[in-house]
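Comments concern the structure below.
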Amino acid sequence: MTPPRGRRGSDSGQVLVGVIVLLAILTILVPAMVLYTQREALWTAKQTQNTTAFHLAESGVEKAFLTLSLSTGAWRQLQQSGTGYDDFKWDKSFSDVPGGTYTVSITSGPDTEQATVISVGRESKKKEVRALKVIYSNATLGGIAVYSAAGVRVGGGVTVEWGAIVSPLAIDFPALPTFPSAYSADAISPWPYGQSNCDTPDCCQFFQYYSNIPPEPVLDLSYYKSSATATTGCPAGGNPAGSCYYDTAQSWSDVTETRGVPYYVDGNLTVGSPGIDIIGSLIVIGNLQSTSGNWGKGSRTMKVPRDAWKQYCHDWAHYQPMDNAEPATYPGKNSSYKSASTLTYSDTPNNKTAISGLLYVQGNFSVGGGGGNTSVHGVMFVLGTTTMTSNSGVTVWYDKDAASAIQTTKIILTRDNWQDAPKYKWPTGLDP
6 MTPPRGRRGS DSGQVLVGVI VLLAILTILV PAMVLYTQRE ALWTAKQTQN
56 TTAFHLAESG VEKAFLTLSL STGAWRQLQQ SGTGYDDFKW DKSFSDVPGG
106 TYTVSITSGP DTEQATVISV GRESKKKEVR ALKVIYSNAT LGGIAVYSAA
156 GVRVGGGVTV EWGAIVSPLA IDFPALPTFP SAYSADAISP WPYGQSNCDT
206 PDCCQFFQYY SNIPPEPVLD LSYYKSSATA TTGCPAGGNP AGSCYYDTAQ
256 SWSDVTETRG VPYYVDGNLT VGSPGIDIIG SLIVIGNLQS TSGNWGKGSR
306 TMKVPRDAWK QYCHDWAHYQ PMDNAEPATY PGKNSSYKSA STLTYSDTPN
356 NKTAISGLLY VQGNFSVGGG GGNTSVHGVM FVLGTTTMTS NSGVTVWYDK
406 DAASAIQTTK IILTRDNWQD APKYKWPTGL DP
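Plus 5 on top of the position in the sequence shown (first one is 1) and you've got the working numbering.
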(Lines of atoms letter the chains of each structure in order from A and count residues from 1; the text may use other names and numbers.)
(Lines give C-alpha, C1' and ligand atoms only; values in the text may rest on other atoms or scores of the structure.)
Protein backbone atom coordinates (compact mmCIF):
# COMPACT_ATOMS: atom_id res chain seq x y z
CA MET A 1 0.00 0.00 0.00
CA THR A 2 1.28 3.47 -0.88
CA PRO A 3 2.01 5.64 2.23
CA PRO A 4 0.13 8.87 2.60
CA ARG A 5 1.67 11.81 0.77
CA GLY A 6 2.08 13.84 4.01
CA ARG A 7 4.39 11.26 5.67
CA ARG A 8 6.89 11.53 2.78
CA GLY A 9 7.20 15.30 3.36
CA SER A 10 7.81 14.71 7.06
CA ASP A 11 10.68 12.29 6.34
CA SER A 12 12.33 14.80 4.02
CA GLY A 13 12.23 17.41 6.75
CA GLN A 14 13.88 15.11 9.25
CA VAL A 15 16.72 14.35 6.81
CA LEU A 16 17.24 18.04 6.20
CA VAL A 17 17.46 18.72 9.93
CA GLY A 18 20.06 15.91 10.28
CA VAL A 19 22.13 17.34 7.46
CA ILE A 20 22.02 20.79 9.03
CA VAL A 21 23.12 19.39 12.41
CA LEU A 22 25.95 17.45 10.77
CA LEU A 23 27.12 20.52 8.89
CA ALA A 24 27.07 22.50 12.14
CA ILE A 25 29.18 19.85 13.87
CA LEU A 26 31.64 19.77 10.98
CA THR A 27 31.78 23.56 11.01
CA ILE A 28 32.98 23.33 14.61
CA LEU A 29 35.21 20.23 14.32
CA VAL A 30 37.04 20.93 11.07
CA PRO A 31 38.62 24.23 12.20
CA ALA A 32 39.49 22.61 15.54
CA MET A 33 41.14 19.69 13.72
CA VAL A 34 43.03 22.05 11.46
CA LEU A 35 44.16 24.10 14.48
CA TYR A 36 45.20 20.92 16.33
CA THR A 37 47.16 19.73 13.28
CA GLN A 38 48.90 23.07 13.04
CA ARG A 39 49.68 23.10 16.76
CA GLU A 40 50.90 19.49 16.64
CA ALA A 41 53.34 20.45 13.91
CA LEU A 42 54.56 23.32 16.08
CA TRP A 43 54.84 21.03 19.12
CA THR A 44 56.77 18.47 17.07
CA ALA A 45 59.13 21.14 15.78
CA LYS A 46 59.59 22.50 19.31
CA GLN A 47 60.29 19.01 20.68
CA THR A 48 62.79 18.35 17.90
CA GLN A 49 64.53 21.64 18.62
CA ASN A 50 64.53 20.92 22.36
CA THR A 51 66.01 17.46 21.80
CA THR A 52 68.68 18.93 19.51
CA ALA A 53 69.61 21.51 22.17
CA PHE A 54 69.85 18.70 24.75
CA HIS A 55 72.21 16.68 22.55
CA LEU A 56 74.33 19.78 22.00
CA ALA A 57 74.58 20.27 25.78
CA GLU A 58 75.62 16.61 26.10
CA SER A 59 78.33 17.21 23.50
CA GLY A 60 79.65 20.03 25.65
CA VAL A 61 79.81 17.73 28.67
CA GLU A 62 81.76 15.16 26.65
CA LYS A 63 84.21 17.81 25.42
CA ALA A 64 84.72 19.02 29.00
CA PHE A 65 85.33 15.46 30.22
CA LEU A 66 87.99 14.95 27.55
CA THR A 67 89.61 18.27 28.39
CA LEU A 68 89.70 17.49 32.11
CA SER A 69 91.24 14.08 31.46
CA LEU A 70 94.06 15.23 29.18
CA SER A 71 96.50 16.90 31.56
CA THR A 72 97.37 16.38 35.20
CA GLY A 73 99.06 19.79 35.19
CA ALA A 74 95.93 21.56 33.98
CA TRP A 75 93.85 19.69 36.57
CA ARG A 76 96.21 20.87 39.33
CA GLN A 77 95.99 24.43 38.04
CA LEU A 78 92.19 24.20 38.08
CA GLN A 79 92.19 22.99 41.68
CA GLN A 80 94.48 25.82 42.76
CA SER A 81 92.96 28.72 40.83
CA GLY A 82 89.30 27.73 40.49
CA THR A 83 89.35 28.27 36.74
CA GLY A 84 92.04 27.41 34.28
CA TYR A 85 90.83 26.31 30.86
CA ASP A 86 90.67 28.79 27.99
CA ASP A 87 87.51 28.44 25.86
CA PHE A 88 85.73 26.84 28.85
CA LYS A 89 84.63 29.97 30.68
CA TRP A 90 81.48 30.54 28.59
CA ASP A 91 83.79 32.55 26.35
CA LYS A 92 83.47 30.44 23.19
CA SER A 93 80.65 28.82 21.25
CA PHE A 94 81.42 25.46 19.64
CA SER A 95 79.77 24.48 16.35
CA ASP A 96 81.44 21.13 15.67
CA VAL A 97 78.16 19.23 16.13
CA PRO A 98 75.38 19.61 13.51
CA GLY A 99 72.20 21.32 14.61
CA GLY A 100 73.44 24.28 16.59
CA THR A 101 76.10 25.48 19.03
CA TYR A 102 77.10 24.93 22.64
CA THR A 103 79.24 26.66 25.24
CA VAL A 104 80.86 25.26 28.39
CA SER A 105 82.01 26.44 31.81
CA ILE A 106 84.54 24.45 33.88
CA THR A 107 85.25 25.45 37.48
CA SER A 108 86.71 23.68 40.49
CA GLY A 109 84.62 22.35 43.37
CA PRO A 110 82.29 22.05 45.10
CA ASP A 111 84.67 19.79 47.05
CA THR A 112 88.40 19.12 46.87
CA GLU A 113 89.56 17.32 43.73
CA GLN A 114 86.24 18.00 42.02
CA ALA A 115 85.26 19.94 38.91
CA THR A 116 81.87 21.36 37.96
CA VAL A 117 80.90 21.39 34.29
CA ILE A 118 77.94 23.43 33.05
CA SER A 119 77.17 22.99 29.35
CA VAL A 120 74.54 25.04 27.49
CA GLY A 121 73.30 23.91 24.07
CA ARG A 122 71.30 26.03 21.61
CA GLU A 123 69.76 24.71 18.40
CA SER A 124 70.40 26.49 15.11
CA LYS A 125 67.12 28.48 15.04
CA LYS A 126 68.04 29.84 18.50
CA LYS A 127 64.58 29.07 19.85
CA GLU A 128 65.43 26.26 22.29
CA VAL A 129 68.19 26.13 24.94
CA ARG A 130 69.09 23.23 27.26
CA ALA A 131 71.70 23.15 30.02
CA LEU A 132 73.34 20.30 31.94
CA LYS A 133 75.35 20.42 35.16
CA VAL A 134 77.81 17.62 35.90
CA ILE A 135 80.25 17.18 38.81
CA TYR A 136 83.37 15.05 38.29
CA SER A 137 85.85 13.80 40.88
CA ASN A 138 89.44 12.81 40.39
CA ALA A 139 88.92 9.41 42.00
CA THR A 140 92.48 8.14 42.12
CA LEU A 141 91.67 6.15 45.23
CA GLY A 142 88.45 7.86 46.26
CA GLY A 143 86.74 6.03 49.10
CA ILE A 144 89.43 3.31 49.14
CA ALA A 145 91.52 2.77 52.24
CA VAL A 146 93.43 -0.29 50.99
CA TYR A 147 94.01 -1.10 47.31
CA SER A 148 96.10 -4.17 46.55
CA ALA A 149 96.70 -5.24 42.97
CA ALA A 150 97.70 -8.82 43.86
CA GLY A 151 95.06 -9.68 46.45
CA VAL A 152 94.54 -9.02 50.16
CA ARG A 153 94.74 -11.17 53.27
CA VAL A 154 93.40 -9.37 56.31
CA GLY A 155 93.12 -10.97 59.71
CA GLY A 156 94.30 -11.03 63.29
CA GLY A 157 93.91 -7.66 64.95
CA VAL A 158 93.73 -5.72 61.69
CA THR A 159 90.95 -3.13 61.27
CA VAL A 160 90.13 -0.89 58.30
CA GLU A 161 88.02 2.20 59.00
CA TRP A 162 86.20 4.85 56.92
CA GLY A 163 87.22 3.42 53.52
CA ALA A 164 86.87 0.24 51.48
CA ILE A 165 89.22 -2.65 50.74
CA VAL A 166 89.55 -3.16 46.98
CA SER A 167 91.46 -5.64 44.84
CA PRO A 168 91.22 -7.06 41.32
CA LEU A 169 92.19 -10.41 42.90
CA ALA A 170 90.88 -12.35 45.89
CA ILE A 171 90.26 -10.86 49.33
CA ASP A 172 90.63 -13.28 52.25
CA PHE A 173 89.38 -12.75 55.79
CA PRO A 174 89.63 -15.22 58.69
CA ALA A 175 85.95 -14.36 59.21
CA LEU A 176 83.87 -11.89 57.22
CA PRO A 177 83.98 -8.61 59.21
CA THR A 178 81.07 -6.30 59.85
CA PHE A 179 82.97 -3.41 58.27
CA PRO A 180 84.33 -1.93 56.02
CA SER A 181 83.12 -2.50 52.45
CA ALA A 182 85.10 -4.92 50.31
CA TYR A 183 85.17 -5.14 46.51
CA SER A 184 86.92 -7.89 44.57
CA ALA A 185 86.93 -8.77 40.89
CA ASP A 186 87.66 -12.30 42.16
CA ALA A 187 86.32 -14.07 45.25
CA ILE A 188 85.85 -12.86 48.80
CA SER A 189 86.23 -15.54 51.45
CA PRO A 190 84.58 -16.69 53.55
CA TRP A 191 81.37 -16.04 51.63
CA PRO A 192 78.08 -16.73 53.47
CA TYR A 193 75.76 -15.42 50.75
CA GLY A 194 75.43 -18.47 48.50
CA GLN A 195 75.24 -17.84 44.76
CA SER A 196 74.78 -14.10 45.15
CA ASN A 197 77.73 -11.85 44.35
CA CYS A 198 76.77 -9.33 47.06
CA ASP A 199 75.66 -9.32 50.68
CA THR A 200 71.99 -10.06 50.15
CA PRO A 201 69.41 -8.78 50.71
CA ASP A 202 70.85 -5.27 51.11
CA CYS A 203 73.92 -5.45 48.83
CA CYS A 204 75.43 -2.58 50.79
CA GLN A 205 78.90 -3.76 51.76
CA PHE A 206 80.49 -6.83 50.16
CA PHE A 207 80.87 -7.45 46.41
CA GLN A 208 82.73 -10.35 44.82
CA TYR A 209 83.30 -10.94 41.08
CA TYR A 210 82.63 -7.22 40.86
CA SER A 211 83.02 -5.83 37.35
CA ASN A 212 83.47 -2.16 38.26
CA ILE A 213 86.74 -2.31 40.16
CA PRO A 214 88.38 1.10 39.53
CA PRO A 215 91.42 1.06 37.26
CA GLU A 216 94.76 0.77 38.97
CA PRO A 217 96.14 4.30 39.33
CA VAL A 218 99.56 4.90 37.82
CA LEU A 219 101.52 6.97 40.29
CA ASP A 220 103.89 9.59 38.99
CA LEU A 221 106.95 7.97 40.55
CA SER A 222 109.27 10.41 38.79
CA TYR A 223 107.57 13.25 40.64
CA TYR A 224 107.92 11.54 44.02
CA LYS A 225 111.53 10.54 43.35
CA SER A 226 112.64 13.98 42.22
CA SER A 227 110.80 15.63 45.12
CA ALA A 228 112.42 13.27 47.64
CA THR A 229 115.85 13.84 46.09
CA ALA A 230 115.43 17.61 46.33
CA THR A 231 114.29 17.50 49.96
CA THR A 232 116.95 17.76 52.65
CA GLY A 233 117.03 17.25 56.40
CA CYS A 234 116.16 13.55 56.31
CA PRO A 235 117.66 10.63 58.29
CA ALA A 236 121.08 9.30 57.32
CA GLY A 237 121.44 7.03 54.33
CA GLY A 238 119.97 9.24 51.63
CA ASN A 239 121.58 9.89 48.25
CA PRO A 240 122.57 12.65 48.01
CA ALA A 241 123.43 12.79 51.69
CA GLY A 242 120.68 14.28 53.84
CA SER A 243 118.01 13.85 51.18
CA CYS A 244 114.79 11.81 51.46
CA TYR A 245 115.76 9.56 48.53
CA TYR A 246 117.30 6.20 49.47
CA ASP A 247 118.78 4.03 46.73
CA THR A 248 119.51 1.02 48.97
CA ALA A 249 117.49 -1.17 51.34
CA GLN A 250 116.68 0.54 54.64
CA SER A 251 115.98 -0.55 58.20
CA TRP A 252 114.31 2.13 60.34
CA SER A 253 113.35 2.02 63.98
CA ASP A 254 113.00 5.68 64.95
CA VAL A 255 112.10 8.21 62.21
CA THR A 256 110.02 11.37 62.64
CA GLU A 257 108.92 13.56 59.72
CA THR A 258 106.27 16.28 60.12
CA ARG A 259 106.87 18.49 57.06
CA GLY A 260 104.54 16.68 54.68
CA VAL A 261 107.35 15.73 52.27
CA PRO A 262 107.81 12.48 50.30
CA TYR A 263 110.21 9.72 51.35
CA TYR A 264 111.35 7.43 48.54
CA VAL A 265 113.06 4.07 49.21
CA ASP A 266 114.36 2.41 46.05
CA GLY A 267 114.54 -1.03 47.66
CA ASN A 268 113.15 -2.93 50.65
CA LEU A 269 112.20 -1.25 53.92
CA THR A 270 112.05 -2.90 57.33
CA VAL A 271 110.49 -0.99 60.22
CA GLY A 272 110.90 -1.86 63.90
CA SER A 273 110.04 -0.50 67.34
CA PRO A 274 109.58 2.23 68.51
CA GLY A 275 108.56 2.94 64.93
CA ILE A 276 108.12 5.81 62.52
CA ASP A 277 105.98 8.95 62.35
CA ILE A 278 105.87 10.28 58.80
CA ILE A 279 103.48 13.00 57.69
CA GLY A 280 103.63 12.99 53.90
CA SER A 281 104.22 10.14 51.46
CA LEU A 282 106.23 6.97 51.88
CA ILE A 283 107.12 5.31 48.56
CA VAL A 284 108.74 1.87 48.81
CA ILE A 285 109.80 0.31 45.53
CA GLY A 286 110.63 -3.05 47.16
CA ASN A 287 108.89 -4.85 50.05
CA LEU A 288 107.78 -3.26 53.29
CA GLN A 289 107.66 -5.33 56.47
CA SER A 290 107.54 -4.70 60.18
CA THR A 291 109.45 -6.71 62.76
CA SER A 292 107.08 -5.72 65.54
CA GLY A 293 103.43 -4.83 65.93
CA ASN A 294 104.60 -1.56 67.44
CA TRP A 295 105.99 0.34 64.41
CA GLY A 296 104.12 3.67 64.64
CA LYS A 297 104.64 6.42 67.22
CA GLY A 298 102.72 9.51 66.00
CA SER A 299 99.57 11.14 67.43
CA ARG A 300 96.79 12.50 65.19
CA THR A 301 93.45 14.25 65.36
CA MET A 302 91.91 12.89 62.17
CA LYS A 303 89.35 14.50 59.89
CA VAL A 304 86.41 12.13 59.40
CA PRO A 305 85.40 11.74 55.72
CA ARG A 306 81.85 13.05 55.30
CA ASP A 307 80.70 9.75 53.75
CA ALA A 308 82.65 7.43 56.07
CA TRP A 309 79.29 6.19 57.41
CA LYS A 310 78.73 4.19 54.20
CA GLN A 311 81.20 1.56 55.43
CA TYR A 312 79.03 0.49 58.38
CA CYS A 313 75.69 -0.80 57.14
CA HIS A 314 76.23 -4.07 59.07
CA ASP A 315 77.57 -2.40 62.22
CA TRP A 316 76.02 1.03 62.66
CA ALA A 317 76.70 0.93 66.39
CA HIS A 318 80.44 0.91 65.70
CA TYR A 319 80.22 4.13 63.68
CA GLN A 320 77.89 6.08 65.98
CA PRO A 321 80.49 7.08 68.62
CA MET A 322 82.55 8.72 65.85
CA ASP A 323 79.72 11.04 64.71
CA ASN A 324 77.74 13.09 67.21
CA ALA A 325 75.00 13.94 64.69
CA GLU A 326 74.49 10.61 62.93
CA PRO A 327 71.00 9.21 62.16
CA ALA A 328 69.62 6.74 64.67
CA THR A 329 69.89 3.92 62.15
CA TYR A 330 71.87 3.30 58.97
CA PRO A 331 70.32 5.73 56.46
CA GLY A 332 70.74 3.52 53.39
CA LYS A 333 73.53 3.34 50.84
CA ASN A 334 71.97 5.95 48.55
CA SER A 335 71.21 8.45 51.31
CA SER A 336 72.38 12.04 50.85
CA TYR A 337 73.51 12.24 54.48
CA LYS A 338 76.87 13.90 55.09
CA SER A 339 78.61 14.18 58.43
CA ALA A 340 79.78 17.62 59.54
CA SER A 341 82.70 18.99 57.54
CA THR A 342 84.44 19.86 60.82
CA LEU A 343 84.06 16.40 62.36
CA THR A 344 87.30 14.97 63.77
CA TYR A 345 88.26 11.85 65.68
CA SER A 346 91.25 10.75 67.77
CA ASP A 347 92.26 7.11 67.93
CA THR A 348 92.84 5.36 71.25
CA PRO A 349 95.66 5.01 72.11
CA ASN A 350 96.65 8.12 70.20
CA ASN A 351 100.40 7.64 69.86
CA LYS A 352 100.66 4.81 67.33
CA THR A 353 100.38 6.43 63.88
CA ALA A 354 103.13 5.40 61.44
CA ILE A 355 102.01 7.18 58.24
CA SER A 356 99.75 10.18 57.68
CA GLY A 357 99.34 10.36 53.90
CA LEU A 358 100.11 7.94 51.08
CA LEU A 359 101.76 4.58 51.75
CA TYR A 360 102.78 3.08 48.40
CA VAL A 361 104.49 -0.31 48.23
CA GLN A 362 105.50 -1.66 44.84
CA GLY A 363 106.42 -5.05 46.29
CA ASN A 364 104.69 -6.92 49.11
CA PHE A 365 103.46 -5.46 52.37
CA SER A 366 103.47 -7.60 55.49
CA VAL A 367 102.84 -6.86 59.14
CA GLY A 368 104.69 -9.24 61.43
CA GLY A 369 105.44 -9.70 65.08
CA GLY A 370 103.11 -9.47 68.04
CA GLY A 371 102.25 -6.87 70.61
CA GLY A 372 101.60 -3.16 70.18
CA ASN A 373 99.17 -1.18 68.05
CA THR A 374 99.92 0.73 64.85
CA SER A 375 97.81 3.05 62.68
CA VAL A 376 98.04 4.27 59.10
CA HIS A 377 96.01 7.42 58.44
CA GLY A 378 95.61 7.99 54.71
CA VAL A 379 95.65 5.56 51.80
CA MET A 380 97.55 2.31 51.36
CA PHE A 381 98.29 1.26 47.78
CA VAL A 382 100.15 -2.01 47.30
CA LEU A 383 101.05 -3.56 43.95
CA GLY A 384 102.13 -6.88 45.46
CA THR A 385 100.33 -8.92 48.09
CA THR A 386 99.03 -7.35 51.28
CA THR A 387 99.33 -9.60 54.32
CA MET A 388 98.15 -8.27 57.64
CA THR A 389 97.54 -11.27 59.83
CA SER A 390 99.49 -10.58 62.98
CA ASN A 391 97.89 -10.61 66.38
CA SER A 392 98.94 -7.04 67.02
CA GLY A 393 96.48 -4.23 66.40
CA VAL A 394 96.84 -2.52 63.02
CA THR A 395 94.27 0.08 61.96
CA VAL A 396 94.09 1.76 58.56
CA TRP A 397 92.06 4.99 58.71
CA TYR A 398 91.03 6.32 55.29
CA ASP A 399 91.79 10.00 54.65
CA LYS A 400 90.08 11.65 51.69
CA ASP A 401 92.58 14.51 51.53
CA ALA A 402 95.48 12.05 51.24
CA ALA A 403 93.64 10.19 48.46
CA SER A 404 92.99 13.46 46.60
CA ALA A 405 96.60 14.59 46.85
CA ILE A 406 98.06 11.52 45.10
CA GLN A 407 100.14 12.48 42.07
CA THR A 408 99.38 10.29 39.05
CA THR A 409 100.43 10.23 35.42
CA LYS A 410 96.82 10.67 34.32
CA ILE A 411 93.52 11.90 35.67
CA ILE A 412 90.91 9.25 36.50
CA LEU A 413 87.49 10.90 36.60
CA THR A 414 84.23 9.57 37.98
CA ARG A 415 80.87 11.29 37.59
CA ASP A 416 79.39 12.16 40.98
CA ASN A 417 76.34 14.09 39.83
CA TRP A 418 74.39 14.75 36.62
CA GLN A 419 71.33 16.97 36.38
CA ASP A 420 69.25 19.11 34.08
CA ALA A 421 69.97 22.79 34.79
CA PRO A 422 67.12 24.90 33.34
CA LYS A 423 68.17 28.07 35.19
CA TYR A 424 71.23 28.43 32.93
CA LYS A 425 70.57 30.29 29.68
CA TRP A 426 72.73 31.14 26.69
CA PRO A 427 75.34 33.67 27.93
CA THR A 428 74.51 37.27 27.11
CA GLY A 429 76.75 38.70 24.42
CA LEU A 430 78.10 35.33 23.23
CA ASP A 431 77.21 34.64 19.60
CA PRO A 432 73.87 36.53 19.85
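For each residue, glycine too, the CB sits at the ideal point set by N, CA and C.
Quick one: any contact between the region 232 to 246 and the region 182 to 197, if contact means 3 or more CB pairs under 8 Å?
no
Taking 6 Å as the limit between beta carbons, can you name the residues of its chain near Phe-386, skipping five residues before and five after?
Tyr-152 and Tyr-365
Nearest to Tyr-215 (by Cα), restricted to the options Ser-231, Pro-185, Asn-244 and Ala-175
Ala-175
The region 413 to 422 contacting the region 127 to 147, beta-carbon criterion three pairs below 8 Å:
yes
Going straight from the alpha carbon of Gly-398 to that of Pro-279, what length do you get?
15 Å
Cβ-based burial, Asn-217 [other Cβ within 10 Å; buried from 16]
Here Asn-217 is exposed. Its C-beta has fewer than 16 other C-beta atoms within 10 Å.
So which of Thr-347, Leu-224, Ser-100 and Ser-286 has the shortest CA-CA distance to Tyr-250?
The option with the nearest alpha carbon to Tyr-250 is Ser-286.
Consult DSSP for Arg-264 and reduce its assignment to one of helix, strand or coil.
Residue state, collapsed to three classes: strand.
Could you tell me the distance, in whole angstroms, from the CA atom of Ile-284 to the CA atom of Trp-402?
Distance between the alpha carbons of Ile-284 and Trp-402 is about 14 Å.
Whole-angstrom Cβ separation of Gln-412 and Asp-225, contact assumed at under 8 Å?
4 Å
Among the residues of its own chain, which have a CB less than 6 Å from the CB of Gly-272, if the five just before and after it don't count?
Apart from the 5 residues on each side of it in sequence, Gly-272 sits with its Cβ closer than 6 Å to the Cβ of Thr-253, Ala-254 and Gly-291 in its chain, given in chain order.
Within this structure, are the beta carbons of Ala-426 and Gly-362 separated by less than 9 Å?
no
Of all the options Leu-137, Gly-168, Ser-129 and Glu-133, which has the alpha carbon lying nearest to the alpha carbon of Gly-148?
Nearest to Gly-148 by C-alpha distance, out of Leu-137, Gly-168, Ser-129 and Glu-133, is Gly-168.
Do Val-223 and Thr-414 have their C-beta atoms closer together than 9 Å?
yes
Proximity below 9 Å, CB of Leu-137 to CB of Phe-211
no
Give a yes or no on whether the C-beta atoms belonging to Tyr-269 and Tyr-229 are separated by under 9 Å.
The Cβ-Cβ distance between Tyr-269 and Tyr-229 falls below 9 Å.
Contact check, Val-276 vs Ser-304 under 8 Å by CB: the rounded distance?
About 18 Å separates the beta carbons of Val-276 and Ser-304, which is beyond the 8 Å limit, so they are not a contact pair.
From what residue to what residue does the alpha helix (DSSP H) around Trp-80 run?
First-last of the alpha helix (DSSP H) with Trp-80: 77 to 86.
Length of the line joining the Cα atoms of Lys-68 and Lys-405:
Their backbone Cα atoms lie some 28 Å apart in a straight line.
Buried or exposed for Trp-423, going by 16 or more other Cβ atoms inside 10 Å?
Classification of Trp-423: exposed, given that the 10 Å Cβ count is below 16.
Count the other CB atoms within 10 Å of the CB of Val-20; is the residue buried (16 or more) or exposed (fewer)?
Exposed, since its Cβ has fewer than 16 Cβ neighbours within 10 Å.
What residues in its chain sit with their C-beta under 7 Å from that of Gly-247, if we drop five residues either side in the sequence?
Thr-237, Gly-238 and Cys-239
Boundaries (first-last residue) of the beta strand (DSSP E) holding Asp-425
418 to 425
Which first and last residues belong to the beta strand (DSSP E) in which Leu-226 is found?
Segment 226 to 235 is the alpha helix (DSSP H) holding Leu-226; no beta strand (DSSP E) there.
Anyone know if the C-beta pair for Asp-352 and Met-393 falls short of 9 Å?
no
Locate the beta strand (DSSP E) running through Tyr-107, then write down its first and last residues.
105 to 113
Under three-state DSSP, which class holds Trp-402?
strand
Relative to the C-alpha of Ile-281, which residue among Leu-293, Val-266 and Glu-262 is closest?
Glu-262
Beta carbon of Gln-84, beta carbon of Thr-56: below 9 Å?
no
DSSP three-state label for Ala-241, please.
coil
Would you kindly check if the distance between the Cβ of Gln-316 and the Cβ of Ser-186 is under 9 Å?
yes
Tell me the residue span of the alpha helix (DSSP H) that contains Ala-322.
321 to 324
Express the C-alpha separation of Thr-77 and Lys-428 in angstroms, rounding to a whole number.
31 Å
Is it buried or exposed, Ile-360, if we count other Cβ atoms within 10 angstroms and call 16 or more buried?
Around the beta-carbon of Ile-360, 16 or more other beta-carbon atoms lie within 10 Å, marking it buried.
Cβ separation of Thr-349 and Val-309, assumed to be a contact under 8 Å, to the nearest whole Å:
6 Å
Between the C-alpha atoms of Asn-103 and Ala-408, what's the straight-line distance to the nearest angstrom?
Note on residue identity: the sequence assigns Pro, not Asn, to residue 103. Answer to the nearest angstrom: the Cα atoms are 41 Å apart.
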